[in-house]
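Note sheet for the following structure.
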Amino acid sequence: MDMLQKLVGLPSTSVNEPANYVCQTELEQFDQVSSGKYSTGLGQSEMSFCDDTEDVCSLALSVTSALLDNYKIDHKSIGFLEVGTETLIDKSKSVKTVLMDLFGDHHSDIQGADVKNACFGGTQALFHAVDWIYANYELEGKFFWTVASGNKIALYMSSV
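What follows is the structure, given as structure tokens:
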């Protein structure tokens, strides 16, 4: 195993979820769908949801800001930031663009983008980040940052 392989890892992780949730069995009854459609079909007993003051960006900003502050991460040490999500902001702007405000004047050299691909978006963003670190660490000496946010913030409408 060479030195580069030893350097790739996840030194910190954090989770930020909305505080509100709904019981999946109660939602099945409310939506008048078959019993178990959400609880068994999705394998969930509860589903969290955002209130009107939260969205994919606020969740991503909160968790990213907390990690930067709590672990005293130098903004200049980040060379790649990829966001995995399945939630759009306005169909053109990326969540990564919003997160760049946290990096102040040091963000112009941070590569990356949003990966929108259902539940796999966060996983794919991590794969992209690992590929980037293998290709760039020895040259740049910078680290990657991956945010999986808003998997899934979706609009569910009752047919009733």
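Sequence positions in the sequence shown follow the numbering used here and run 526 to 685.
Where is the CB? At the ideal position from N, CA and C, for every residue including glycine.
As the structure is a prediction and not an experimental result, all values here were calculated from the model.
Paired residues, beta bridge with residue i - DSSP
i: V608; result: D639 and V672
i: I603; result: F668
i: M572; result: V547
The ligand ADP heavy atom lying under 7 Å from the CB of residue i
i: I598; result: Absence of the ligand ADP is noted for the structure shown, with no ligands found whatsoever.
Straight-line gap, residue i to residue j (C-alpha atoms, nearest Å)
i: T648; j: G666; result: 23 Å
i: D626; j: V672; result: 15 Å
i: V620; j: S583; result: 10 Å
i: C575; j: N545; result: 7 Å
i: E607; j: Q554; result: 38 Å
i: S674; j: F628; result: 18 Å
Closer than 8 Å to chain D by CB, residue i
i: F652; result: The structure shown contains no chain D, having only a single protein chain.
Own chain, CB closer than 6 Å to residue i, minus 5 neighbours either side, in chain order
i: V623; result: C582
i: M526; result: Confidence at M526 is low in this model, with a pLDDT of 47, below 50, so the placement of that residue should be treated as unreliable; the coordinate-derived value is given next. Within the same chain, M526 has no close Cβ partners at all.
Neighbourhood of residue i by C-beta distance below 8 Å, restricted to the same chain and skipping five residues each side
i: M572; result: Y546, V547, Q549, L552 and Y563
Limits of the unbroken alpha helix (DSSP H) element including residue i
i: N595; result: V581 to N595
i: V623; result: V620 to L624
task = Please determine if the region 560-577 and the region 596-610 are in contact, where contact requires at least 3 C-beta pairs separated by less than 8 Å.
result = No: the two stretches stay apart, fewer than three of their Cβ pairs being nearer than 8 Å.
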